[in-house]
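S.K.: Got a structure here, written out as C-alpha cells. Questions coming.
Numbering (my numbering), first residue to last: 533 to 1510.
Structure (C-alpha cells):
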C-alpha cells in the first residue's frame, strides 16, 4: 500500500494553434518525476499521455484516481497544453478534439472533474501541476470546491499553475520546473515542494504569474506551507550536505523552516566556525533555544548569507534520540563518511580486516569510525562531525557516546578531527570530566521581539491583541521555568515557542493573553486546532469524537515513542489499531500534517517514513492532552509493544531492538523487558555484556534499584562479565548484589541463593579452589535446609561441589560424591533426566583425571549411547560428552584418533551451534593443538591464527580461552622457527 503515482498529459488542440512543445515537455516532466522523484506510472502504460481526445483524457484521469485509491497512494496529475476559462471557476483542460469554446462535455472541467473523483477516492495526497493559459479560475474553483471534500477527509492537496487570468507562454512553466529540478534550490530543503517552485517560475517567466494553492489540516493557504510529504523530486542542491539521503534530512528541513537570522544567531554561528581550532566544541543552552537549528544551519550553510563555509564544512552529522545506540551512531557516521570522505570506505574495510586479526579489543565505534579516520589522518583534510543531543539517548548509551566523543577529540592520531556537540544545559554533560577539554559556546535565548517577528513572517493571521501586550506576553513565556514534573525536566523556550505560536496565532486572543496561559496551554490550543481541522468544524464547535480519538491515538503513540522521527510509520499504524483507531496510512499522514510543529518526520511521503514528537519540551503538554482525550501513556506503550510483537518487517525489528525494553518498562512489564533482552543475546559474549550494561540504568530508573527484576538484570550482567573472562569483576558485582538481595529479599530467597551459587562458581574459574569448595559446601547445606535434600537445586549444588573438588585434586572424594549423587538422582529424578546424565559425564571425567582411563572410556561410551537415545545426537550435552571423549583420547596419546573425533565434532558443532559458539571455538583450539602434536605445525599455526581473531571478536581479548589460544599460537610459531 502507499506509494507515489503520476499521470502526466501533454496535449495539443486541433481547434487552436499548435504549441509544438507539449509532447517534449510532458515527456521530460514524466521522465524526471519517475527517474528522480520515485513516482510510478498511474496508468497501465508507462510514459506520458500525449494528445488524447477528451474521452481518453477523462479515462486516463479515472484510471489514475482508481489506482491511487486502490493503493492509498499519493497522486500527481500534470498537464501541459491548452487551457481556457469560460466564466467564474469554470476552467477547462483541452483535449485534441476539444473546440475553442468548450463545455463540460467537450473538455475536462478541472474543478468539477477533480471534485467528482475526490468525492469517491481516498488518496494519500493530491498534487496538480497545470501549464496552460487562464488557470486562475481553476485555482479559485479548487479553493472553493475541492477543499470541502478534502476537509471532510482531512486530506492534503497542492495545486501549482502557470498563470493567472492571462496566457502562459512557450511552456515556460514546465521548462522552469525541469531546469529547477536539474539545478536545485540552495535555499530549500531536502526535497522540492510545489511551493518552492513559485519564485523560480515567477523570475523566469516574466510575462505570466504562477499561482499556488495548498490545503492541509483544514486550511487553505498560498503561503510556503503544506505537507512536506507531497514533494516532487529531491533537491539536487542539497547533494553536498552531510545528511542528504539520510534519515535526518527531513528533521533538518523542519529545523531550518521559518528561519529568522537575528544578529545573535549570526554571532553564535560565527563563534562556532571561528573556534574551529578546538577539537571539541559544545553548543550549550536550555531546551528550545535553537541549538539543533544552529547545527542544521552549519550543515546547510547556503541558508545563511554571511556564513563563510561550504556544505563540505560538516563532514558527517547525527541527531541523537532516545533510541540511539553506539552501534547505530557508528553505522550512520560510517555511511556518511564513506560517501563524503575519499578513501574512507577502503579504510573501513581495512579496519574490519585488522579487527579480525588483532589482539586489541576493537569495539564497533573503533572499527567503523575511529580507526578509519586515524588511517586518513595524513591526507591533510580536516573532518568535522556534528553530534547533536548528547543528552537524548538512554543513560547507559549516553556514557558510551560521551566516551566515544572524548576519544575522537583526544587521540593524537585524530588531530585532524573536530567534533561539535549539542548539549542541553543543566543535565551535567557540560561539566563531564571526559569533556573537560571542550570549548563552550553558550546559546542565548531569543528575545520576545524576535519571536513576534517569526510569527508575523509565517504568514498566518494573528488575533487582534495589543502589540505591546502581545510582546510582553511572549516575554513571560520565555521566562517560564522548567516544569516541576520529574519525568519532563524541560521548558519550551525560544524558537520552539516561535514555531508553536506561528501555528496558533489566531488562537492567542485577548482572553489567552489575559489569563496568562502557559506553554502547556499553548500545546492544548494547538491540539484543539488540529482536532477541529480534522473534523472540519469551526472554532466554537465541539469536535467529532472519532476525530479527537484519532488524533489522541496518533499523539499517544508518538509520545510513547519519544522525541525525534524514530517510529516507523507502519508501526504507528499498527499501534493505533491496537488502541482501536482504525485510520489508514493516508489518514495518519493527514492527521500528522495537521499537528504541524508538534510532530517531526523523516523521509516524509515515502514507505520509509518515521515520525516522533518534535521536542522534549512538548511532552508534558502533549501527555496531558492525550490523557484528556482518553489515550493514557501505559495504554500507548502497550499498543506499541503489541504492534512490535505482531510486526514482521526489518524496520519494526530494528526499532524494537532499540526501544522495546523502554516500552515494556513504561507500563511496568519488567519481566517481559528482561525476557526481550535475553532474546537479543548472541553468541558474542562481549556484546551480551555491553547489552545488559547499557540497559541496567533504565531498569533501575523505571523499576527502582531494589525491584526483583532490576536485581536479576544485575545478576545477568555480572554473569555476562564472567563469561567474557572478567572473573574478578563478576565476583565483585555478584558480592554486592548478594548483599542487596539479602537486604531486600532475604538470605534464603532463591534469587539470593542463586547469586551465591554464581559467586562460588566464578571464584572457581578464578582459581580460588579452596574458597570455592568451601562456598559450595555451605550452599549444599543451605539448599538442603531451604529447599530439601531431594530438590533439584540441592542436587545441582552437590554436583558443583564434587566438580570443584575434582578440579582441586580431591579426585577420590569427588568420585565417591558423584557416585552417591547419581544414585540419588536416579531415585529422585530418574536415570534419563538431563541432570543425571550430566553427573555421569562429570563422574567419567573424574575417573579419567584419576588415571582410570579404561573405565572412563567405557562410561563415556555408555553415556553417549544414552544421550543420543534420550536427548538426541544434536543436544548440547551430547556434544559436550564428545568433547570430553576427544580430549581424553588426546590425553592418553591417541592423537590421530583425537583428530578424527575433533574434526567430526567440529563439523557437527558448526552445523548445530554455529561458528561463534564458545564450544565450537574450544574444539577448534583443541583440533589445532592436536595437529601441532601430530607434527603438522604449519597446519596448527594456520588454524590458530583465524581462531584467535574469532575469539577476540566473540569472547574479547582478555578471556582465558583467547589468552590460551594466543599462548598456543606463540608456542607453535616458536617451534616452527617463525
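All residues carry an ideal CB built from backbone N, CA and C; glycine is no exception.
1) Can you list, in chain order, the residues of its chain whose CB lies under 8 Å from that of residue 904, leaving out five sequence neighbours each side?
2) According to DSSP, simplified to helix, strand and coil, what is residue 920?
3) Taking residue 731 as the reference, give the member of 1285, 1401, 1211 and 709 with the closest Cα.
4) Can you list, in chain order, the residues of its chain whose CB lies under 6 Å from that of residue 1020, leaving out five sequence neighbours each side?
5) Residue 825 by DSSP, collapsed to three states: which one?
6) In chain order, what residues of the same chain lie with their CB nearer than 8 Å to the CB of residue 1197, ignoring the 5 residues before and after it?
7) Near residue 791, what residues of its chain come up, given a Cβ to Cβ distance below 7 Å and the 5 sequence neighbours on each side ignored?
8) Compute the beta-carbon to beta-carbon distance between residue 826 and residue 804, rounded to the nearest angstrom, for a pair I have assumed lies under 8 Å.
9) When the Cα atoms are used, what is the spatial distance from residue 892 to residue 970?
10) Going by beta-carbon coordinates alone, are residue 623 and residue 696 separated by less than 7 Å?
11) Pairs of beta-carbons, one from the region 1125-1139 and one from the region 1201-1215, closer than 8 Å: are there three or more?
12) Could you tell me the alpha carbon to alpha carbon distance between residue 1008 and residue 980, rounded to whole angstroms?
13) To the nearest angstrom, how far is the alpha carbon of residue 1483 from that of residue 1445?
14) Less than 7 Å separating the beta-carbons of residue 660 and residue 691?
15) Return the CA-CA distance between residue 1070 and residue 674, expressed in angstroms with no decimal places.
16) Could you tell me the alpha carbon to alpha carbon distance between residue 1381 and residue 1308, rounded to whole angstroms?
17) Where residue 1117 and residue 1179 are concerned, what is the direct C-alpha to C-alpha distance, given to the nearest angstrom?
18) Does the beta-carbon distance from residue 1242 to residue 1253 come in below 7 Å?
19) What does a CB cutoff of less than 7 Å around residue 1512 pick up in its chain, not counting 5 residues either side in sequence?
20) Counting along the chain, where does the beta strand (DSSP E) carrying residue 553 start and finish?
21) Give the secondary structure of residue 1424 by DSSP, where H, G and I count as helix, E and B as strand, and everything else as coil.
22) Kindly indicate which three-state DSSP category residue 616 falls into: helix, strand or coil?
23) Let me confirm a value: residue 592 is counted as buried when at least 16 other C-beta atoms fall within 10 Å, else exposed. Which label applies?
24) Looking at C-beta atoms only, is the number of pairs between the region 773-793 and the region 924-936 that lie closer than 8 Å three or more?
25) Quick one: Cα of residue 1163 to Cα of residue 1251, how far?
26) For residue 1298, which three-state DSSP category applies?
27) Please give me, in chain order, every unbroken run of the alpha helix (DSSP H) with length at least 4 that falls completely inside the region 795-854.
28) Among 1086, 1066, 1047 and 705, which residue has its Cα nearest to the Cα of residue 687?
29) May I have the straight-line CA-CA distance separating residue 1321 from residue 1433, to the nearest angstrom?
30) What span of residues does the beta strand (DSSP E) with residue 1509 cover, start to end?
31) What number of angstroms, rounded off, separates the C-alpha of residue 1431 from the C-alpha of residue 1448?
32) In the DSSP output, which residue or residues are listed as bridge partners for residue 609?
33) Does the separation of the CB atoms of residue 817 and residue 975 fall below 7 Å?
34) What number of angstroms, rounded off, separates the C-alpha of residue 1037 from the C-alpha of residue 1098?
35) Report the residue from 959, 1492, 1084 and 542 whose alpha carbon sits nearest the alpha carbon of residue 583.
36) Taking the runs of the alpha helix (DSSP H) that are 4 residues or longer, which of them lie wholly in the region 1388-1434?
M.R.: According to the structure shown:
1) 866, 869, 876, 879, 880, 882 and 883
2) strand
3) 709
4) Summary for residue 1020: the model assigns pLDDT 42, below 50, so the residue's position carries little reliability; its value from the coordinates is reported in the next sentence. Excluding residues within five positions, the ones whose Cβ falls inside 6 Å are 1151 and 1152.
5) helix
6) 1205, 1230, 1231, 1234 and 1235
7) 835
8) 7 Å
9) Residue confidence is low: residue 892 scores 47 on pLDDT, short of 50, so the model does not pin down where it sits. No coordinate-derived value is stated.
10) no
11) no
12) 9 Å
13) 15 Å
14) yes
15) With a pLDDT of 43 at residue 1070, under the threshold of 50, the modelled position of this residue cannot be trusted; read the value that follows with caution. If you take the alpha carbons of residue 1070 and residue 674, they lie about 20 Å apart.
16) 21 Å
17) 16 Å
18) no
19) Because the chain in this structure spans residues 533 to 1510, residue 1512 falls outside the shown range and cannot be described.
20) Residue 553 -> no beta strand (DSSP E), and no H or E assigned at all.
21) coil
22) strand
23) buried
24) no
25) 40 Å
26) coil
27) 795-806 and 823-831
28) 1066
29) 39 Å
30) Premise fails: residue 1509 is in no beta strand (DSSP E) and is neither H nor E.
31) 21 Å
32) 539 and 660
33) yes
34) 29 Å
35) 542
36) 1408-1423
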